[in-house]
Amino acid sequence: MGKRLKKLAASGQEQMGDMSSTLQEIFAGIRVVKAFGREDAEGERFRARNRAYLSTTLKTNQVWAIGHSHMEIIGVISVATLIWYGGYLVISGTMTPGAFFSFMAAMILAYTPIRKLSGSNNLIQQALAAAERVFDVLDMNTEQAHDHGTAPLMGIKQAIEFQGVSLRYENHTVSALTDIDLVIKPGEVIALVGSSGSGKTSLVSLLPRFYEPTAGRVLIDGLPLASYELHSLRAHIGIVSQEIVLFDDTIQRNIAFGRTGASQADVEQAAKLAYAQDFILRLPEGYQSIIGERGLKLSGGERQRLAIARAILRDPPLLILDEATSALDTESERIVQLALANLMKNRTTLVIAHRLSTIQNADRIVVLERSMLFEIQNMRDSSGKVEPMRGSMPCSFNPKK
Ligand SMILES: Nc1ncnc2c1ncn2[C@@H]1O[C@H](COP(=O)(O)OP(=O)(O)OP(=O)(O)O)[C@@H](O)[C@H]1O
Ligand SMILES: [Mg+2]
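Spelled out as structure tokens, the structure:
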């Protein structure tokens, strides 16, 4: 029964986890749920999870109850047997009545602790199942386990180099990146373009070492990324990602996210450069306004500008910009563009560009197509002549698009 309880406890915990993650997911996407009229269906999905958990809990209680009643029955039967046998011994004169009664008293005293012991075994089995789950999580390989780098990164002085880099995600048959060679000089702005799913976000995720290349290597100033301390590497990188992540907190703290201890003046300066000051001051509580879960109370363009302000305040030497494709109207696009221009000033920037204006401001354009990289031209060649193409376009790529 202990074994069975342990199994039930393990699946009960899993089901409780499922139930709370379903709830979290539904609440996080409540607008989509409402817009698609899925309230009932999602309610049913939750109820199904809830029922599964309920049934496991009931089964657990059943096993407990059966165990308990079995113990009682065994107890009563053994007492009856002992009285019968002991009585027989006393009557036949083999045992004195005194010895028999003291034995009975001792047995009755021992009965309760023995029963409790079997109950505790059940509890211990359930606790073991819980402990196994906790240790599974504790034993997971953390990022720190791969962090063997010792060199502190002190700015990017010569170049960032991708040498024959390939990346294939776990359990995928096709590579997300194939044999990428790219050299980025300090201060350069590189626009990375390419169709959806071509591997742009994957390429830039290698720089903060969110993923490790399956082949080839990425170097900064001649040393592979893995030889640098992870935190010092990441301290050099600012990311404005495709999906803007904001926290349900004040605007002030969202902007100061990457630099704890930033003063109010620093935050305001960053907001100004990101063209966010105007809309922030229009909010009833200004910098102290709470922006809702994932910035729900702001518009798309406002969210982008907050993310830009956050990157400006962090002031990283290497900037990774994964432009969102969200359609902004021309006015907001112009403002976001101005904010981006402020952000890219004096920085090595790798920008995944969707807007023509961003591409125009780049020093070089590289195209990723079906996981392969092509460089199309050198925009700002000092002599004015256009660099020849390195590599040729695959036939599916039509630059006129
Ligand atoms: N974390 C991941 N795990 C597994 N596969 C992934 C992961 N991220 C991306 N992929 C796959 O890798 C390929 C490249 O994705 P990636 O996000 O780099 O594309 P992208 O060029 O950024 O596209 P988009 O312009 O739509 O953002 C896709 O086929 C995608 O399915
Ligand atoms: Mg992407």
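The sequence shown lines up with residues 162 to 562 when you count with the numbering used here. All residues carry an ideal CB built from backbone N, CA and C; glycine is no exception. On a predicted model such as this, the values are computed, not experimentally measured, just so you know.
Might you give, ordered along the chain, the residues of its own chain that have their beta carbon closer than 7 Å to the beta carbon of residue i, omitting 5 neighbours on each side?
i: I441; result: I412, A432, G447, Y448
i: R475; result: G399, G419, R420
i: V365; result: I481, D483, L511, I513
i: A502; result: N522
i: G178; result: none
i: V344; result: A320, E322
i: G360; result: A337, L338, L529, S532
i: N415; result: L407, F408, I452, L467, R471
i: M232; result: R276, S279
Helix, strand or coil for residue i, going by three-state DSSP, please let me know.
i: A352; result: strand
i: S450; result: coil
i: V251; result: helix
i: L467; result: helix
i: V566; result: Because residue 566 is not part of the residues shown, which for the chain are 162 to 562, the question remains open.
i: L499; result: helix
i: G422; result: coil
i: M177; result: helix
i: G163; result: helix
i: F197; result: coil
i: G190; result: coil
i: R525; result: strand
i: E536; result: strand
i: D476; result: coil
i: E233; result: helix
i: L184; result: helix
i: E530; result: strand
i: L482; result: strand
i: L215; result: helix
i: L511; result: strand
When the distance is taken between beta carbons, is residue j closer than 9 Å to residue i?
i: R210; j: T183; result: yes
i: I452; j: D410; result: yes
i: L482; j: V528; result: no
i: L368; j: L314; result: no
i: S279; j: G228; result: yes
i: L166; j: T221; result: yes
i: A387; j: G456; result: no
i: I520; j: A312; result: no
i: I317; j: L479; result: yes
i: V401; j: A417; result: no
i: D524; j: V350; result: yes
i: M265; j: L299; result: no
i: V335; j: N283; result: no
i: F262; j: G248; result: no
i: E373; j: H307; result: yes
i: R516; j: E494; result: yes
i: A291; j: Q174; result: yes
i: E236; j: R276; result: It should be noted that the sequence gives Gly, not Glu, for residue 236. Yes, Cβ-Cβ distance for G236 and R276 is below 9 Å.
i: A396; j: P274; result: no
i: Q305; j: T362; result: no
Among the residues of its own chain, which have a CB less than 6 Å from the CB of residue i, if the five just before and after it don't count?
i: I269; result: none
i: A500; result: A435, Y436, R466, I469
i: M203; result: Residue identity check: residue 203 is Glu in the sequence provided, not Met. Once the five neighbours on either side are set aside, the close Cβ partners of E203 are I187, V194.
i: T339; result: S327, S532, M533
i: V329; result: Correcting the residue type first, residue 329 is Arg in the shown sequence and not Val. Closer than 6 Å at the Cβ level, and outside the excluded window around R329, lie S336, T375.
i: S518; result: Q498
i: Y214; result: Q176, M177, M180
Give me, in chain order, the residues of the same chain whose beta-carbon lies closer than 8 Å to that of residue i; leave out the 5 immediate sequence neighbours on both sides.
i: G348; result: N507, R508, T509
i: R464; result: I405, L407, G456
i: R206; result: T183, I187
i: G422; result: none
i: E293; result: A171
Inset, instruction - Would you check if there are 3 or more beta carbon pairs closer than 8 Å linking the region 366-383 to the region 315-324? - result: Judged by Cβ distances under 8 Å, the region 366-383 makes contact with the region 315-324, as three or more pairs qualify.
Inset, instruction - Only counting runs of 4 or more residues, tell me where the alpha helix (DSSP H) segments fall wholly within the region 316-393, in order along the chain. - result: Within the region 316-393, the complete alpha helix (DSSP H) runs of at least 4 residues are 361-366.
Inset, instruction - Decide if the region 166-174 is in contact with the region 287-298; the criterion is three or more beta carbon pairs, one per stretch, under 8 Å apart. - result: Three or more pairs of CB atoms, one per stretch, sit closer than 8 Å, so the region 166-174 contacts the region 287-298.
Inset, instruction - Entirely within the region 249-315 and at least 4 residues each: give me those alpha helix (DSSP H) ranges in chain order. - result: When DSSP assignments are scanned along the region 249-315, the uninterrupted stretches of alpha helix (DSSP H) that are 4 or more residues long and fall wholly within it turn out to be 258-300, 304-307.
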